[in-house]
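First up is the structure itself, then whatever we jot down about it.
In UniProt numbering, the protein residues as written are 1 to 487.
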């Protein structure tokens, strides 16, 4: 183009051999109408291209577009339409780089991005959307109730610039247009185009009603509040004149006998006894009671698992009240549904989790319990390019009819399979189907012990003590991809 004036601006120096910036016409066809070797002033180029091009691109709406071709001959096309919707595709011959958007940076979403990055030969662009800038190790919240455990890992520690991390909250999905609507922290709304969408919305920890008193262990703030209250009670007990007053101040109840309740009760018992001894208080005056609505611990496991857990808790000084439902905490007492009361200077509620309420607000098919309905390849029913895994999806093993549970151990295998499925779908191949995870449960019993129950070939295996703890610590790290080579 040397020697001629460009319609988009004044004459420029001859084009460098390794880069070309050109106007891209509709449907991604390269249209060499003008060239520039100085592409640093992108705003000016966008303005000129916007005046030159009013054609409709397949990402929706009149668009300004430009193409950049590198030395390898890979052409990237960027399109900005009047609605502010951004769409980018990359062409290498006939292949188009797909844009995969992952909503949610919890256990499932984190593993999806990791699995996509590991797939060899995959030419995909990945955007991770989360309302926070870091991953929360949510299953370890009880650790923060007794110490200053760091439970957040910045997404920047996981991924390099190959993964775009966008801080925003999902508000809507337009599957017909392949667009998600996001609300940014400043309140602005952004529309983001996708080729494939993975919904990893996770779950919400259930909190007791305010009038029920106590503190629900639901997030980092509530964990810090529990720790603060325990310190206050320990200080008051250290100044108390007698044993009865100390016992009253050091009585704690944990309402909810699931895995989180068991782990919380054990952690509290160990921390309180240790701290009491440091303050010169007899550790035996600490009382931690786990209130369990079921007839035994781990009712879905064989009875021997529940019995073993009961023995472990008793050794730690944790009493268990079975067939008991907590109603409210008041005046240093916990009231049960039976009308009976337990001494309780502090009640910690551990009431389990429910699927994210957002799933039911997206206009996609859900179960009565609010989980997204998906097929054996994690596609949301009726949607070709929208997938869901993790706590917000109702995932059933087609071979056994058994639904996956809401624990972080299922997230990794689901995510790895979903990455294969999405890439296979993009290439027109058949991907794998879901298979249920092995029956394995790991339960920490304070900072020094744990119990692992697994079933293989119909045989139940229990691993306790330090060996069990080693496995438990490993599962926590695996769930949050700690020490994994991600970048």
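Think of the CB as a built atom: it goes at the ideal place given N, C-alpha and C, for glycine as much as any other residue. Model, not experiment: these values are computed from the prediction.
- The beta carbon of residue 260 sits closer than 6 Å to the beta carbons of 350 from its chain, once the five residues preceding and following it are set aside; these are given in chain order.
- Listed in chain order, the alpha helix (DSSP H) elements of length 4 or more contained wholly in the stretch 355 to 432 are 411 to 426.
- When secondary structure is reduced to three states using DSSP, residue 190 falls in the strand class.
- Annotation: the continuous alpha helix (DSSP H) that includes residue 264 extends over 259 to 278.
- Per the Cβ contact rule, the stretch 166 to 173 is in contact with the stretch 358 to 369 (3 or more Cβ pairs under 8 Å).
- Taking the Cα of residue 99 as reference, the smallest distance to any Cα among 316, 113, 145, 430 is reached at 113.
- At a Cβ-Cβ threshold of 8 Å, residue 343 and residue 332 count as neighbours.
- Rounded to the nearest whole angstrom, the CA to CA distance from residue 427 to residue 195 is 13 Å.
- By the criterion of a C-beta distance shorter than 7 Å, residue 275 is surrounded in its chain by 234, once the five residues flanking it on both sides are discounted.
- Between the C-alpha atoms of residue 237 and residue 292 there is a straight-line separation of about 27 Å.
- Look at residue 454 here: in three-state DSSP terms it is strand.
- Residue pairing for residue 164: DSSP places it in a beta bridge opposite 127.
- In the DSSP assignment, residue 135 falls within the beta strand (DSSP E) that extends over 134 to 136.
- The three-state secondary structure of residue 475, taken from DSSP, is helix.
- If you draw a straight line from the Cα of residue 462 to the Cα of residue 450, it comes to about 10 Å.
- Non-local beta-carbon contacts of residue 417 in its own chain, meaning distances under 6 Å to residues more than five positions away in sequence, involve 432 in chain order.
- Between residue 192 and residue 127, the gap from beta carbon to beta carbon is short of 8 Å.
- Secondary structure at residue 296: coil, using DSSP grouped into helix, strand and coil.
- Taken through DSSP and simplified to helix, strand or coil, residue 217 comes out as coil.
- Assignment of residue 159 by DSSP, reduced to helix, strand and coil, places it in the coil class.
- For residue 369, the CB contacts under 7 Å within the same chain, skipping 5 residues up- and downstream, are 355 in chain order.
- Here residue 249 has 233, 236, 237, 240, 345 as same chain residues with Cβ atoms under 7 Å from its own Cβ, once five neighbours each way along the sequence are excluded.
- When secondary structure is reduced to three states using DSSP, residue 195 falls in the coil class, being assigned neither helix nor strand.
- Taking 8 Å as the cut-off, the beta carbon of residue 436 is found closer than this to the beta carbon of residue 400.
- Here the alpha carbon of residue 154 sits roughly 23 Å from the alpha carbon of residue 414.
- Considering only 457, 377, 394, 398, the residue with the shortest C-alpha distance to residue 425 is 377.
- In this structure, residue 178 sits away from residue 379, with a CB-CB distance that is not shorter than 8 Å.
- Between residue 439 and residue 422, the CB-CB gap reaches or exceeds 8 Å.
- Taking C-beta atoms under 8 Å as the contact rule, residue 199 and residue 387 qualify, at a distance of about 7 Å.
- By the neighbour-count criterion, in which 16 or more other beta carbons inside 10 Å mark a residue as buried, residue 307 falls on the exposed side.
- Nearest Cα to residue 298 within the set 210, 452, 390, 339: 452.
- Remark: C-beta atoms of residue 218 and residue 348 do not approach each other more closely than 8 Å.
- Judged by beta-carbon spacing, residue 224 lies within the 8 Å limit of residue 144, meaning their Cβ atoms are closer than that value.
- Of the candidates 104, 101, 157, 146, 157 places its Cα closest to the Cα of residue 482.
- Non-local beta-carbon contacts of residue 412 in its own chain, meaning distances under 6 Å to residues more than five positions away in sequence, involve 111 in chain order.
- Per DSSP, the continuous beta strand (DSSP E) segment holding residue 319 begins and ends at 318 to 321.
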